[in-house]
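4 protein chains.
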Amino acid sequence: MDFKDIIQDIYKNVKAMEDCGALPTYIPDLAEVDPNKFGVHITTMDCQNYGVGDCYQKFSIQSIAKVLSLILAYKLLGAKIWERVDVEPSGNAFNSLLQLEVEKGIPRNPFINAGALVIADILLSELKNPKAEFLAFVRDISNNEDINYSSQIAASEKEVGFRNIALCNFIKSLGNIKNNPADVLDLYFDICSLEMHCKDLSELFLFLANNGKKITDKTPILTETQSKRINALMQTCGFYDESGEFAFRVGLPGKSGVGGGIIAIYPDKYAIAVWSPKLNKKGNSYKGMKFLEEFTSVTNLSIF
Amino acid sequence: MDFKDIIQDIYKNVKAMEDCGALPTYIPDLAEVDPNKFGVHITTMDCQNYGVGDCYQKFSIQSIAKVLSLILAYKLLGAKIWERVDVEPSGNAFNSLLQLEVEKGIPRNPFINAGALVIADILLSELKNPKAEFLAFVRDISNNEDINYSSQIAASEKEVGFRNIALCNFIKSLGNIKNNPADVLDLYFDICSLEMHCKDLSELFLFLANNGKKITDKTPILTETQSKRINALMQTCGFYDESGEFAFRVGLPGKSGVGGGIIAIYPDKYAIAVWSPKLNKKGNSYKGMKFLEEFTSVTNLSIF
Amino acid sequence: MDFKDIIQDIYKNVKAMEDCGALPTYIPDLAEVDPNKFGVHITTMDCQNYGVGDCYQKFSIQSIAKVLSLILAYKLLGAKIWERVDVEPSGNAFNSLLQLEVEKGIPRNPFINAGALVIADILLSELKNPKAEFLAFVRDISNNEDINYSSQIAASEKEVGFRNIALCNFIKSLGNIKNNPADVLDLYFDICSLEMHCKDLSELFLFLANNGKKITDKTPILTETQSKRINALMQTCGFYDESGEFAFRVGLPGKSGVGGGIIAIYPDKYAIAVWSPKLNKKGNSYKGMKFLEEFTSVTNLSIF
Amino acid sequence: MDFKDIIQDIYKNVKAMEDCGALPTYIPDLAEVDPNKFGVHITTMDCQNYGVGDCYQKFSIQSIAKVLSLILAYKLLGAKIWERVDVEPSGNAFNSLLQLEVEKGIPRNPFINAGALVIADILLSELKNPKAEFLAFVRDISNNEDINYSSQIAASEKEVGFRNIALCNFIKSLGNIKNNPADVLDLYFDICSLEMHCKDLSELFLFLANNGKKITDKTPILTETQSKRINALMQTCGFYDESGEFAFRVGLPGKSGVGGGIIAIYPDKYAIAVWSPKLNKKGNSYKGMKFLEEFTSVTNLSIF
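Here it is as structure tokens:
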């Protein structure tokens, strides 16, 4: 299937729609992004590589980076990481602290903040130079030396990150953070500050459509089973409290970030990245969701 | 792919394993089932129809029936049913009543008891003769007049169903049950009492692998989009608080019941039913989960 | 201290105030009471017996009756009742079902609905003719044959009592209701339907100011210790989620009902009853609270 | 009434009892206190001043200090402090974080940690030199220059205070902490580190039995109404999730600390302090509770 015309058409439609989303206000620097940005990029197993709109402009990938830190931790520790974090959807945000208490500090999954903090704690324990080594890992997967942290975004989040400080210290008090909470938070905010554009993202994540192997030289990043499991996790837990809705409407494993980005994977076929900064009420890109829903409807390609 | 040998091999392996599950104790009649029963049956789009073990012995399908009542309600009301029930995983069982209160009587999804009660309420409002019409609907999908309710199981559950009575009256107090709670419960317990064997189940559910159309005469039960959405829902919500784990280990949409049955669907390929009465701690068939995990590993067929 | 003039003055003041409360809407028959009714009656250990306003008009005492059913159960079973119900304030209403689940069906205290249902269950187990014997007990304490249930109010509540049906069946599922939930609810609604006027109430409850003994003939209803404990319970748990506020502003043990009545006790001195049907947001009589706050301020008589 | 013999007798009895409590383990320095210490001291309005056992040995008063910081904030801001903290019992500890979220950062009362952190935040905003001025205030009430913070205890708590750090940052994220969380925590830990012996405590708190006025020179610390309200708050909220039980068994307003101290007040009569370091499951001194229960039984003096 040639995706170029389909993407152009849907892009035009969704571009013209009213955007019912809103910029997130709680991170000062994210609140200043141009709300009209809109980009899409697809990279396929059969070597299509096509983008439209603002697909070459970098943005803060935020929670999308949680997939990458999880993958590195999974690679380092294997199945042992599931002793520290579960693989279940979290239900609503509302009871997250309650659940942590009941479940003795084991976060429901690695994509909620609690889980990503535990993953950051694992990286801190396992790596000598976590910040540099994580960046090198990400650059290596995508053969792209142009990917970087944003120290400005990281600093902006640290300043107002009281909820995350609370969360990290709470898990520490429950015994599931091993390092100093301040160090864990520091690494966590850096990880979330990664900046990429849609093309970077779709190229980077294509290995998850390829059973965990890099497209270029077939180097395994993850085993085939591990790769399927990461996809399954994105399917059930990738969109905060809208994961069911995303499976329902879009039908692909994926992950969103509060910066307005979404990555979605069709196993054995493609990875597609969308960026539009205004978020719906559940915190996912309003136009990004719309685009992907239409895209899987028109192409009739969902995994279900 | 020819599944016969694969199924035989895995069946033998799993049959020989120690069964770490336990019979459910809270429904008297289910507690008396022979715990060593174990059956598997697959029905494929390319006309394979193969079973092993106790695959022709009927059992109580329990919550698997919630997929069927949902499908009938979806067929009758279309997308309007999503105003009465959401499509999100529920997080843990623990906070279900709390969530209902916070979310004003809208259950998280149609597969938790709260959601299935609302679906039963919809059927009660929409059908003249709900009990008979629902049964006719199920028989029609599978061209199988041999499917029936078990009045004994339904009676057994009614006697001890205090938690469900509580739930139904609680939702009524929140305004999302329109009929008399006693009538809703009556229909609900009947629906859950349906009895089938593995062959019935895999044949019945094959239409969800066929984009919503019956295999025999291509009659649409659901539209293609509706069918995909039911599959997506089973993927994210089909296994109580183990839905993430099932996606993670098995990687297929499916639904389990407290009677020890599991149905799983591989879109465009097959439906497979497993039955083994002893349940793991999350309430899903212990050997059923084991069998399906091994089956998707060996065949290398998961949707992710 | 002569209370007559003080009561007249405060009554006049509070009568003239704007009433910021509202009639409860969820029990049809309570919603039809004349909202401007306002009565006060005091009965003292030194034989003052004085009332103003609508102090001789009967009203539905509702939750105030929970003190009386508790007292009868306490008398019958002694300290063993505390194995079935706790003596702690409940925190907010919001999490009542959650707490029940965590605390395995043991209600936080006998004045929340859950606790009063367990007390009704105890009476059902301990008495041959619970409805008649409870009424006889209440009449005997106050030497007042004129006290009765209202079958109309009881029927009105049963019709819309889905929340209480839910609660009772939920506790049954947790094992702390021994009888049939329908029978427990039936007795519960009857108990809550008791009708009295302010004079009845202040005379009836005076024995709690007298260390548990009837004033007239010194017959002990409760032991001195038991009587103090009932007062302590009213202090910490008598006003739903406003018990702290009532202790804070009024400083007396007491109990309110959704019918707009409040009874308050000053140990060794008096019992005072107030009735005004419009309720504040926490479900307590708006003018009743105002009157008592002013009364304890002016008389400078609080227990603190 | 002459309390000397009564106190001696009860002290002897309770001293001989098995101590079913345990030292708290989470604050290293408290875990090293001699568990057999046991002291009692009473100070009465009619000038009795009597103690037994280890009544002259200082200990860490911990949460008892929350009454003192509340009193200073109340004195400084008056009724405005109730916009920042409520006066209701909290229900169980279990749902404290949940409640904070639902109630938008307004702690249930000033004696739970969340509330005491908000009070510390108020002192930080209102005082130039909060640490010194608070100490001066405490010393002034009791005319006792010998009262001091313990920098060792404060440091010991800071090291392991992850739960309190979490709590403070959580409230900050909800908007009800105005200063830097680290500064608030610093003051909070200092306040809790105050050291006194039983005699210090009973003399210091006697003004709450005297309608808010110092005994010596009648200087008002609080107005009469304020003083009654502090007593009411101690009655309903002073013993964590055992406040109902304490009202029920002891029947006096009071406050306990995790250091094993309890202060209790009988309005118009006396203040009594008890110290025994081993705590019951709810976190209150095991022998302290026993002593006070027996003391109010024998003297037949409870406020109910």
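Protein chains in written order, with the numbering used here: chain A, 1 to 304; chain B, 305 to 608; chain C, 609 to 912; chain D, 913 to 1216. Even for Gly, the Cβ is constructed at its ideal location relative to N, Cα and C. Since this is a predicted model, take the numbers as computed values, not measurements.
Can you find the residues in the same chain that come closer than 7 Å, C-beta to C-beta, to D931 (chain D), ignoring five residues on each side of it along the sequence? K1190, Y1198 and K1199
Pull out every residue of the segment 168 to 181 of chain A whose Cβ sits closer than 9 Å to any Cβ of chain D, in chain order. C168, N169, F170, I171, K172, S173, L174, I177 and P181
A458 (chain B) vs S497 (chain B) beta-carbon contact at 9 Å: yes
Distance, V442 (chain B) Cα to L167 (chain A) Cα: The C-alpha of L167 (chain A) lies about 48 Å from the C-alpha of V442 (chain B).
For N353 (chain B), which three-state DSSP category applies? strand
Does the ligand GDP have a heavy atom nearer than 8 Å to the CB of F246 (chain A)? Among the ligands in the structure shown, none appear at all, so the ligand GDP cannot be discussed.
Which of helix, strand or coil DSSP assigns to G259 (chain A): coil
Can you confirm whether L705 (chain C), when its beta carbon is compared against all beta carbons of chain D, has any partner nearer than 9 Å? With 9 Å as the cut-off, L705 (chain C) does not count as an interface residue toward chain D.
Using only the alpha-carbon positions, how far apart do L208 (chain A) and R249 (chain A) sit? 21 Å
Assuming Q48 (chain A) and F3 (chain A) are in contact, meaning their beta carbons sit under 8 Å apart, how far apart are those beta carbons, in whole angstroms? 6 Å
Does chain B have any CB closer than 9 Å to the CB of E242 (chain A)? yes
Ordered along the chain, which non-local residues of its own chain (more than five positions away) have a Cβ less than 6 Å from that of I613 (chain B)? Summary: the structure shown does not reach residue 613 (chain B), with chain B confined to residues 305 through 608, and so no result is reported for it.
Which residue wins for smallest C-alpha separation from N784 (chain C), given the options C:L684, C:V693 and C:E853? C:V693
Interface residues of chain A facing I1077 (chain D) [CB-CB closer than 7 Å]: N169
What whole-angstrom Cβ distance do Q57 (chain A) and K37 (chain A) have, given they're in contact under 8 Å? 7 Å
By how many angstroms is the C-alpha of P253 (chain A) removed from the C-alpha of G212 (chain A)? 14 Å
With distances taken from CA atoms, which of B:A320, B:G465 and B:M349 is nearest M305 (chain B)? Looking at the Cα atoms, B:M349 is the closest of the given residues.
Mind pulling the chain B residues with CB within less than 9 Å of R84 (chain A)? Chain B residues near R84 (chain A): none, gap ~15 Å exceeds 9 Å.
Quick one: Cα of K978 (chain D) to Cα of S173 (chain A), how far? 22 Å
Using the beta-carbon count (16 or more within 10 Å), is S1063 (chain D) buried or exposed? exposed
CA-to-CA distance, S1155 (chain D) to M625 (chain C), given in whole angstroms: 35 Å
Alpha carbon to alpha carbon, what distance is there between F474 (chain B) and Y487 (chain B)? Contrary to the premise, residue 487 (chain B) reads as Asp rather than Tyr in this sequence. Roughly 15 Å separates the two Cα atoms.
Are N148 (chain A) and F189 (chain A) touching if we call contact CB-CB under 9 Å? Contact: no.
Against F1074 (chain D), what residues of chain A qualify as contacts under a CB-to-CB distance less than 8 Å, listed in chain order? Contact annotation for F1074 (chain D) against chain A: N169, F170, K172, S173 and P181 [CB-CB distance below 8 Å, chain order].
Neighbouring residues, chain A, relative to G555 (chain B) (Cβ below 7 Å): K228 and A232
Is the Cβ-Cβ distance between V999 (chain D) and A1144 (chain D) less than 9 Å? yes
Where does the unbroken beta strand (DSSP E) through V882 (chain C) begin, and where does it stop? Y878 to W883
How about P1179 (chain D) and K1140 (chain D): do their beta carbons lie closer than 9 Å? yes
Just the Cα atoms here: how many angstroms apart are K623 (chain C) and P1019 (chain D)? 34 Å
Helix, strand or coil at N873 (chain D) according to DSSP, with G and I counted as helix: Chain D is shown only over 913 to 1216; residue 873 (chain D) falls outside these bounds and no answer can be derived.
Among all the DSSP beta bridges, which residues are the ones paired with I873 (chain C)? Listed as beta-bridge partners of I873 (chain C) by DSSP are C:A879.
Exposure of A79 (chain A), with buried meaning 16 or more beta-carbon neighbours within 10 Å: Around the beta carbon of A79 (chain A), fewer than 16 other beta carbons sit within 10 angstroms, so the residue counts as exposed.
Nearest chain A C-beta to I326 (chain B) closer than 9 Å, yes or no? In the sequence as displayed, the identity of residue 326 (chain B) is Ala instead of Ile. Chain A contact via Cβ: absent.
Below 9 Å between beta carbons: does that hold for F1151 (chain D) and V952 (chain D)? Going by beta carbons, F1151 (chain D) and V952 (chain D) fall outside the 9 Å limit.
Got a sec: which bits of the segment 265 to 276 of chain A sit with their beta carbon under 8 Å from any beta carbon on chain B, in order along the chain? P267
The segment 1014 to 1026 of chain D: positions lying closer than 9 Å to chain C by Cβ: V1014, E1015, R1020 and N1021
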